[in-house]
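Engineer: For reference, the structure I am asking about is given below.
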Amino acid sequence: MDNYEQKLGIKAWAEADRPREKLLLQGRRQLTDAELIAILIGSGSRSETAVDLSKRILSFYQNDLAKLAKLSVKELSKFKGIGEAKAIAIVAALELGKRRKETEEDGPIKITSSKDAYLILKSELTDLPHEEFWILLLNRANFVISKHFISKGGQAGTVVDPKIIFKVAIEQNASSIVLAHNHPSGNLTASEADIKITKQLVEAGKVLEITVYDHLILSDHSFLSLADERLM
Numbered sequence: 001m002d003n004y005e006q007k008l009g010i011k012a013w014a015e016a017d018r019p020r021e022k023l024l025l026q027g028r029r030q031l032t033d034a035e036l037i038a039i040l041i042g043s044g045s046r047s048e049t050a051v052d053l054s055k056r057i058l059s060f061y062q063n064d065l066a067k068l069a070k071l072s073v074k075e076l077s078k079f080k081g082i083g084e085a086k087a088i089a090i091v092a093a094l095e096l097g098k099r100r101k102e103t104e105e106d107g108p109i110k111i112t113s114s115k116d117a118y119l120i121l122k123s124e125l126t127d128l129p130h131e132e133f134w135i136l137l138l139n140r141a142n143f144v145i146s147k148h149f150i151s152k153g154g155q156a157g158t159v160v161d162p163k164i165i166f167k168v169a170i171e172q173n174a175s176s177i178v179l180a181h182n183h184p185s186g187n188l189t190a191s192e193a194d195i196k197i198t199k200q201l202v203e204a205g206k207v208l209e210i211t212v213y214d215h216l217i218l219s220d221h222s223f224l225s226l227a228d229e230r231l232m
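If you're matching positions, the sequence shown starts at 1 in UniProt numbering and goes up one per residue.
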């Protein structure tokens, strides 16, 4: 027991501090994923260093940061040694990393294909454990005006209110819109409900002279265009 406690004393705390020192001396790119997460966690316990705790969490998710990025504060807090504050720090850092991937182009972005719309919307609709519905607003020349969150649902679906969609479009003087929602399951097949609501929105848009160009279904790594598939 004495040897065990001695091992977890100064030696353990020194290891927990090393990621910070390593970052200062060698730069952030020299740190492993576990070491970077350990800096966010800040400290471990007498039985486990911050680095070891980070390794345990990463190992549970096959060292896949994409899977880790999907976790909620509640899910992260289930790991022994991760309280709410530490879980919040990890979630916030991973969200910043995700946003960092978004590339901002100079000047307005023009939509010429379903892929163009996908590239703009994927940052909002990937790494989510639930469904969300968003719209992309375009002007008469098909340049993007803005993107808007419409609704949030569970794992199996989300409620879409046409009145909210077209209210936003009218307020922003949009000439056309692109609909989008995600399938957390990764299944890119359009359901009967997806097709039905799309056709309803297309018809409603005709009355208001707002064209519904497309409806995208996104997974974490790909997408389906109902327009390309001629399902709308």
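C-beta atoms are modelled at their ideal positions from N, C-alpha and C, and glycine is treated no differently.
Strictly by DSSP, which residues pair up with T211?
Structural biologist: BP columns for T211 point to S176.
Engineer: Return the CA-CA distance between E209 and K55, expressed in angstroms with no decimal places.
Structural biologist: Each residue's Cα considered, the two are about 55 Å apart.
Engineer: Would you tell me roughly how many angstroms separate the C-alpha atoms of residue 236 and S77, rounded to the nearest one?
Structural biologist: Past the edges of the chain, shown from 1 to 232, lies residue 236, and the structure says nothing about it.
Engineer: Can you tell me whether S123 is helix, strand or coil according to DSSP?
Structural biologist: Correct three-state label for S123: helix.
Engineer: Taking the C-alpha atoms as reference points, what is the distance between I217 and L188?
Structural biologist: Whole-angstrom Cα-Cα distance: 6 Å.
Engineer: Ends of the alpha helix (DSSP H) at K55?
Structural biologist: Unbroken alpha helix (DSSP H) run through K55: 50-60.
Engineer: May I ask you to report which of helix, strand or coil DSSP gives F166?
Structural biologist: Residue state, collapsed to three classes: helix.
Engineer: Let's test the definition: count the other Cβ atoms within 10 Å of the Cβ of N173 and tell me whether it reaches 16, buried, or not, exposed.
Structural biologist: So N173 ends up on the exposed side.
Engineer: Kindly identify the DSSP beta-bridge partner or partners of F79.
Structural biologist: Partner(s): none; F79 has no beta bridge.
Engineer: Note the first and the last residue of the continuous beta strand (DSSP E) segment covering K147.
Structural biologist: Per DSSP, K147 belongs to the beta strand (DSSP E) from 144-152.
Engineer: At a cut of 8 Å, does the stretch 79-88 reach the stretch 180-187 through at least three beta carbon pairs?
Structural biologist: Because the criterion of three Cβ pairs below 8 Å is not met, the stretch 79-88 and the stretch 180-187 do not touch.
Engineer: Check for me: the alpha helix (DSSP H) holding I39 runs from which residue to which?
Structural biologist: Looking at the DSSP string, the run of the alpha helix (DSSP H) that includes I39 is 33-41.
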